[in-house]
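Quick mapping for you: the protein sequence lines, in order, are chains S and A. Mapping to the numbering used here: the first sequence position 86 is 102, numbers consecutive. Mapping to the numbering used here: the second sequence position 6 is 22, numbers consecutive. C-beta: ideal position from N, C-alpha, C; glycine also.
2 protein chains.
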Amino acid sequence: MSVTVTVAVDCMGGDYGPSVTVPATLAFLRDHPAVNAVLVGREEVLKPLVGEAAGRFGARLGIHHAEQVVGMDEPLVSAMRGKKDSSMRVAIEQVESGRAQVAVSAGNTGALVAISRFVLKMLPGIDRPAICFALPTTGGHIYAIDLGANVDCTAEHLLQFGIMGTVLASVLDHSERPSVGLLNVGTEEIKGNEVTKKATELLRASNLNFHGNVEGDDIYKGVTDIVVCDGFVGNVALKVSEGLARMMATFLREEFNRGPLSRLMGALSWPVLRRFKRRVDPRRYNGAVLLGLRGIVVKSHGSAGVFAFEQALARAASAASDRLVERIGDRVAAITGTHEERPA
Amino acid sequence: MSVTVTVAVDCMGGDYGPSVTVPATLAFLRDHPAVNAVLVGREEVLKPLVGEAAGRFGARLGIHHAEQVVGMDEPLVSAMRGKKDSSMRVAIEQVESGRAQVAVSAGNTGALVAISRFVLKMLPGIDRPAICFALPTTGGHIYAIDLGANVDCTAEHLLQFGIMGTVLASVLDHSERPSVGLLNVGTEEIKGNEVTKKATELLRASNLNFHGNVEGDDIYKGVTDIVVCDGFVGNVALKVSEGLARMMATFLREEFNRGPLSRLMGALSWPVLRRFKRRVDPRRYNGAVLLGLRGIVVKSHGSAGVFAFEQALARAASAASDRLVERIGDRVAAITGTHEERPA
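Right, here's the structure in full:
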């Protein structure tokens with residue numbers, strides 16, 4: 017990263033709040049000298065946690081007080097209307113005002129999406145924000161979108177996800193015409209529900225590189241560069257994957273603990289098993305980008321620990337240094353034919 | 017199995033047709049002396065594949081000719097109306113007429129569901145068939161329903177899936193009040209789309225042991241005995257699991273092949289790795305039960321090989337010998353308050 021990037025951290029969000037977000041941010045700043053951070057939340061809580069690090073990082077580390085906290089299960093209305101001084105909202109406002117280039121939060125997804133949309137506004141031509149996540153595949157990675165921002169999508173939304181995913185993949189991976197798959201219950205065009213049938217038509221008629229329908233197992237095969245789905249389905253797919261990966265890791269551990277000989281084999285194979293564990297560790301993949309906004313917001317898993325939250329910060333810093341929003345805005349405008357009225 | 021069960025096998029269905037279904041059935045008959053089979057399909061194709069086994073099994077093995085084959089991608093209308101003599105339909109008719117107690121097919125899911133419904137009819141109080149699958153969990157198994165029969169479900173359908181799943185779990189696992197979870201994007205009741213919100217209310221008001229919402233990762237944790245979901249979501253969850261399990265197996269193999277030392281460790285650990293592989297082998301879990309019908313139909317994965325198809329046959333034989341349909345019908349009637357008019 018050549019240019020200095022400032023990350024606004026919603027320190028109060030997530031299952032563990034400041035006890036995770038603050039140490040993760042401090043560790044991240046130590047390892048990434050070109051990144052600055054603003055910790056957003058209750059000053060009286062954050063200051064003692066920062067401690068002497070305040071002196072060490074100097075101007076690279078700021079604390080911005082926000083009085084309120086959005087609860088993990090809080091209804092949207094109360095989070096939006098009742099908490100104008102929440103750490104989540106104030107962190108996003110840092111991006112809106114230009115004091116930060118990206119905000120990171122492990123808080124309530126619904127509130128994060130709604131507040132981001134309210135504060136930052138949408139890019140022209142895009143109706144709703146979508147959560148985009150890079151999943152590992154056998155040979156690389158795939159961008160899955162939407163993974164939970166929208167639980168009742170229309171076919172038009174799925175088309176827009178295809179546009180956003182295409183732009184993201186072409187910006188981040190420098191690929192010319194990344195392929196888009198529509199997640200469905202069969203690869204034939206006749207398959208699916210009413211929304212996917214309509215979305216197939218729209219994607220087919222668009223100028224995207226539409227591959228056609230893909231099935232659940234095609235995701236990890238990496239059949240396409242991007243896979244588009246309703247946020248409900250995407251969220252389930254992501255969480256099912258987490259659960260299965262964890263269960264398989266448990267099974268492997270159990271088998272290597274079944275008797276003294278197996279345990280010995282486990283000890284001898286430890287370097288191999290550690291490499292494997294690292295490759296499938298879901299914490300490494302933490303951090304999803306909210307696309308479609310006029311600013312970058314990164315969503316961390318609510319239950320992220322320090323290591324996982326650092327990964328979300330890394331994703332945020334890299335997205336911000338890539339000037340993702342400007343580049344996405346330009347390309348979306350080129351694809352959808354919308355052009356933003358710039359104030360004179 | 018104490019009583020002899022006859023399985024009708026749609027031999028022409030699936031990606032590999034008779035080249036898989038016939039050898040799998042012969043192997044299964046060899047290992048299960050209390051099971052008989054009727055092979056349904058083109059006699060001129062099946063006879064040579066059966067060969068001398070015809071003599072060995074005698075009356076335990078029959079061939080029932082059916083002229084037509086439902087294609088894997090064939091539209092429903094043509095499969096239903098144009099192919100009254102398809103191997104799929106004739107196999108199901110064996111159950112309807114009582115010549116077999118269960119039918120097994122690896123064919124087109126949509127056609128199998130529609131034809132089963134048309135031929136066998138629904139149990140009173142149930143609107144649509146649903147696909148139920150037993151998935152492994154960290155400590156046992158969980159019944160997931162629906163995994164692809166219905167891609168546009170209402171809240172009432174989800175309630176019915178809860179009833180069918182409850183009855184299945186109580187019959188097969190002898191559990192008194194199995195718990196039902198509704199697959200959702202969050203555990204709080206406010207989460208989800210319109211259908212899941214309504215379904216939460218219906219399940220809460222029912223006399224089922226409703227646990228509340230569960231998330232994707234709760235499936236493999238085995239948080240509940242049954243998990244209920246729309247067939248679109250369930251199908252994606254199942255196939256994502258297959259894809260991820262396969263990718264993780266590939267990663268493990270790759271790590272144990274990274275250099276001579278790792279390869280040596282892999283060879284030494286082979287008994288452990290084989291036990292692990294066996295535990296996570298998706299082929300072992302092949303065979304889903306279509307619930308809600310006045311007869312039992314088991315759906316095999318379309319791409320099943322011989323070993324996997326044998327597992328589906330085993331599931332079918334065991335469901336039939338448990339008198340699943342009668343017991344489910346009685347319990348569904350008790351829960352829904354519907355009672356079938358029996359012909360005088």
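Helix, strand or coil at residue i [DSSP, three-state]
{"i": "A/Q84", "result": "strand"}
{"i": "A/D26", "result": "strand"}
{"i": "A/A50", "result": "coil"}
{"i": "S/L139", "result": "coil"}
{"i": "A/A165", "result": "coil"}
{"i": "A/L224", "result": "coil"}
{"i": "A/G57", "result": "strand"}
{"i": "A/V239", "result": "coil"}
{"i": "S/T352", "result": "helix"}
{"i": "S/V341", "result": "helix"}
{"i": "S/V19", "result": "coil"}
{"i": "S/E270", "result": "helix"}
{"i": "A/P39", "result": "helix"}
{"i": "A/T170", "result": "coil"}
{"i": "S/S285", "result": "coil"}
Beta-carbon spacing of residue i, residue j below 8 Å
{"i": "A/Y159", "j": "A/A150", "result": "yes"}
{"i": "A/V201", "j": "S/N200", "result": "no"}
{"i": "S/R307", "j": "S/M138", "result": "A quick correction: the sequence has Leu, not Arg, at residue 307 of chain S. Against a cut-off of 8 Å, the Cβ pair of S/M138 and S/L307 comes out as no contact."}
{"i": "A/G57", "j": "A/A75", "result": "no"}
{"i": "S/G259", "j": "A/K237", "result": "yes"}
{"i": "A/V54", "j": "A/L45", "result": "no"}
{"i": "S/M281", "j": "A/S278", "result": "no"}
{"i": "S/A116", "j": "S/A24", "result": "yes"}
{"i": "S/V106", "j": "S/A95", "result": "no"}
{"i": "S/H48", "j": "S/A328", "result": "no"}
{"i": "A/G232", "j": "S/V256", "result": "yes"}
{"i": "A/T37", "j": "A/F267", "result": "no"}
{"i": "S/D89", "j": "A/E204", "result": "yes"}
{"i": "S/G247", "j": "S/V167", "result": "yes"}
{"i": "A/A122", "j": "A/I108", "result": "no"}
{"i": "S/V187", "j": "S/L340", "result": "yes"}
{"i": "S/V314", "j": "S/V305", "result": "yes"}
{"i": "S/Q84", "j": "S/K99", "result": "yes"}
{"i": "A/A127", "j": "A/L174", "result": "no"}
{"i": "A/I312", "j": "A/A336", "result": "yes"}
{"i": "S/I147", "j": "S/D162", "result": "yes"}
{"i": "S/V211", "j": "S/P39", "result": "no"}
Residue i classed as buried or exposed, judged by whether at least 16 other C-beta atoms fall within 10 angstroms
{"i": "A/H227", "result": "buried"}
{"i": "S/R331", "result": "buried"}
{"i": "S/T41", "result": "buried"}
{"i": "S/T240", "result": "buried"}
{"i": "S/H80", "result": "buried"}
{"i": "A/V19", "result": "exposed"}
{"i": "A/I206", "result": "exposed"}
{"i": "S/P64", "result": "exposed"}
{"i": "S/R269", "result": "exposed"}
{"i": "S/D101", "result": "exposed"}
{"i": "S/R310", "result": "buried"}
{"i": "S/R273", "result": "Before going on, a small fix: residue 273 of chain S reads as Asn here, not Arg. Label assigned to S/N273: exposed."}
{"i": "A/H317", "result": "buried"}
{"i": "A/G71", "result": "exposed"}
{"i": "S/G33", "result": "buried"}
Counterpart residues of residue i in DSSP-defined beta bridges
{"i": "S/V313", "result": "S/A119, S/L306"}
{"i": "S/L199", "result": "S/V230"}
{"i": "A/H157", "result": "A/P152"}
{"i": "S/S102", "result": "S/Q84"}
{"i": "S/I79", "result": "S/L55"}
{"i": "S/A146", "result": "S/L307"}
{"i": "A/V244", "result": "A/I161, A/L198"}
Nearest-angstrom beta carbon gap, residue j and residue i [assumed within contact, 8 Å]
{"i": "A/I242", "j": "A/G197", "result": "7 Å"}
{"i": "S/S132", "j": "S/P145", "result": "6 Å"}
{"i": "A/V224", "j": "A/T182", "result": "Here residue 224 of chain A turns out to be Leu, not Val, going by the sequence shown. Confirmed, about 5 Å."}
{"i": "A/V135", "j": "A/E172", "result": "About 24 Å separates the two Cβ atoms, so there is no contact after all."}
{"i": "S/L62", "j": "S/C27", "result": "6 Å"}
{"i": "S/A261", "j": "S/P298", "result": "6 Å"}
{"i": "A/G156", "j": "A/V244", "result": "Rounded, the Cβ-Cβ distance is 18 Å, inconsistent with contact."}
{"i": "A/M263", "j": "S/T154", "result": "5 Å"}
Closer than 8 Å to chain B by CB, residue i
{"i": "A/Y236", "result": "Absent here is chain B; the protein component of the structure consists of chains S and A."}
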